[in-house]
Amino acid sequence: MSKAARFEFAVADSFANGACCANVVTITTVMGDGSAMTIDCATVYTVDEAGLITSLRAH
2 MSKAARFEFA VADSFANGAC CANVVTITTV MGDGSAMTID CATVYTVDEA GLITSLRAH
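Now the structure itself:
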């Protein structure tokens, strides 16, 4: 198996609510040999008062 050459992260929709945000995303991993794997998922993250991510989940 080859190493990942790059990641592509596309946000289709975003839903913010206070310090939390949910995103509908497509993540594509392109491998060194040119093959690719694509995953559709929902990510949910929380930020603190400084805007730094304190929690990140993907489903």
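Here the sequence shown stands for residues 2 to 60, numbered as in my numbering. Even glycine gets a Cβ: it sits at the ideal position worked out from N, Cα and C. This structure is a prediction, so every number in the text was calculated from the model and none was measured.
Cβ pair residue i, residue j closer than 8 Å
{"i": "V26", "j": "T44", "result": "yes"}
{"i": "I54", "j": "Y46", "result": "yes"}
{"i": "S15", "j": "C22", "result": "yes"}
Element boundaries [beta strand (DSSP E), containing residue i]
{"i": "D34", "result": "Run containing D34: none; DSSP gives neither H nor E here."}
{"i": "E50", "result": "Premise fails: E50 is in no beta strand (DSSP E) and is neither H nor E."}
{"i": "A17", "result": "A5 to N18"}
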